[in-house]
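Everything below concerns the one structure shown next.
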Amino acid sequence: MTIDDQKALLDRPVGVDDEESMTNSKHIRVGKLALASLLLACFLANADESFILTTGSDVAAALEAPDYTSWLITSYNLGYTTALPLHGQACDLAGPKKAILIALVLYGFGCILTGISGSIHLALAGRVISGIGGSGMVELVSVLVNEMGSFHQVAVLRSYVTTSSIIGITCGAPLGALLTTSLGWQWAFLIHAPFAILCIAVISLSLKIKKPQSIVSTGQTYGSIDTTKDAGATLKTKSFDIAGLALLMTAIVCLLGLIQVVPAQDMENKSTALVTLGIAFLALFGAFFINEVYVATNPLIHMYLLKPHKLGLIYAAQVLIGVTNSAVRPLEFYQRHSLNGILTLACS
1 MTIDDQKALL DRPVGVDDEE SMTNSKHIRV GKLALASLLL ACFLANADES
51 FILTTGSDVA AALEAPDYTS WLITSYNLGY TTALPLHGQA CDLAGPKKAI
101 LIALVLYGFG CILTGISGSI HLALAGRVIS GIGGSGMVEL VSVLVNEMGS
151 FHQVAVLRSY VTTSSIIGIT CGAPLGALLT TSLGWQWAFL IHAPFAILCI
201 AVISLSLKIK KPQSIVSTGQ TYGSIDTTKD AGATLKTKSF DIAGLALLMT
251 AIVCLLGLIQ VVPAQDMENK STALVTLGIA FLALFGAFFI NEVYVATNPL
301 IHMYLLKPHK LGLIYAAQVL IGVTNSAVRP LEFYQRHSLN GILTLACS
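Residue 102 in my numbering sits at position 102 of the sequence shown; the count goes up by one each step and never skips.
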């Protein structure tokens, strides 16, 4: 190669794709231990969703509240669902590293609280807290992975996350049965805490995040980002939508209560409870929608993203996938009860 050829290569302007790839690769410095810890966190959160299917009946029976078995299953999903927007805002305000560390602390604390609980209400509170942490462990791992490298590297890393999630969902129920049988239901929950602490320690020490620099100068447009509207403007600290979070969580609680009341047999004042919970759910959800669209300065959910030409169709597909998974997972729970009944009749 001649000197002129070398000079031409050195003087070649960096394209947008190259500069974007280099910028993204400098956002996060991650080692193998940090990546393994992130995947372990994702595994724990997904395993906990099916874990309770084989341990819930033992927990409810030990706490003398067999009617609350279904609530042990849904309480984790309650915390998981309501906290998803919460972690998104926490990531914007504090950064993904601090946000996932907080999620791991909440998850570990919830598992400990469930393991040491002496009443069903304390166990339910622990499951809700675990769900709040578990949702952050799944969501924020995806955020961190998306910032770890270039576009082509992210595709490989995302496959690791998907694999760990599938393994967690698949192995959660068998692990729950194994741990409950060998160690007891208390230790089946308490044993999660050391793994959460391990993830906290490794991520704290080995995950280094640098603040990314925008490659789009002010006054230009890049894709759907128009920086001309923010030219000369100062960045304001985002406020947290506490009202929206409270309305959303209360509305979901009313919906879950309504679902529990509908199949209830011989329940006093069932019609009154149905009407009350139904009206409360509609009113709270309507108030949440109004708050997100017209009141909140930094809403939990940006409603304009739900339009079909935005991300609405993708979100609709995610809802259908979630409904399908939720419909299939409890079958194992009912199959276990049916099998126990058959074995009892055969032995008698």
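Each residue gets a CB set at the ideal place from its N, CA and C atoms; glycine is no exception.
{"Query": "Quick check: does the Cβ of SER37 come within less than 7 Å of any heavy atom belonging to the ligand NAP?", "Result": "Looking for the ligand NAP in the displayed structure turns up nothing, as the structure carries no ligands at all."}
{"Query": "Which of the three DSSP states is assigned to LYS307 in this structure?", "Result": "coil"}
{"Query": "Less than 7 Å between C-beta atoms, sequence neighbours within five positions excluded: which residues of the same chain meet that for PRO299?", "Result": "ASP241, GLY244, GLU292"}
{"Query": "Going along the chain, which residues of its own chain have a beta-carbon closer than 8 Å to the beta-carbon of VAL295, five neighbours each way excluded?", "Result": "ALA243"}
{"Query": "Rounded to whole angstroms, what is the Cα-Cα separation between ASN46 and VAL141?", "Result": "12 Å"}
{"Query": "Quick one: give me the first and last residue of the alpha helix (DSSP H) that THR81 is part of.", "Result": "69 to 94"}
{"Query": "Smallest Cα separation from ALA201: which of ILE102, SER271, ILE279, CYS171?", "Result": "ILE102"}
{"Query": "Thinking just about the alpha-carbon of each residue, which of PHE109, SER117, ALA193, LEU179 is nearest to the one in GLU64?", "Result": "SER117"}
{"Query": "What residue does the alpha helix (DSSP H) around PHE43 start on, and which one ends it?", "Result": "32 to 62"}
{"Query": "For ALA188, which residues in the same chain have their Cβ closer than 7 Å to its Cβ, ignoring the five residues on either side in sequence?", "Result": "THR55, GLY176, LEU179, THR180"}
{"Query": "Beta-carbon within less than 6 Å of GLY168's beta-carbon, same chain only, minus the 5 sequence neighbours each way: which residues are those?", "Result": "PHE43, ASN46, ALA47"}
{"Query": "For LEU104, tell me which candidate among ILE120, LEU39, PRO174 has the shortest Cα-Cα distance.", "Result": "LEU39"}
{"Query": "What's the gap between the Cα of LEU190 and the Cα of ILE112?", "Result": "5 Å"}
{"Query": "Using a Cβ-Cβ cutoff of less than 8 Å, which residues in the same chain neighbour VAL262 once the five nearest sequence positions on both sides are dropped?", "Result": "LEU274"}
{"Query": "Can you tell me the Cβ-Cβ gap for GLU139 and LEU183, rounded? I've got them flagged as a contact below 8 Å.", "Result": "With 8 Å as the limit, GLU139 and LEU183 do not qualify as a contact, their Cβ atoms being about 30 Å apart."}
{"Query": "Assuming contact is defined by CB atoms lying nearer than 8 Å, are VAL154 and PRO96 in contact in what I supplied?", "Result": "no"}
{"Query": "Applying the criterion that 16 or more other CB atoms from any shown protein chain within 10 Å of the CB defines a buried residue, is ALA34 buried or exposed?", "Result": "buried"}
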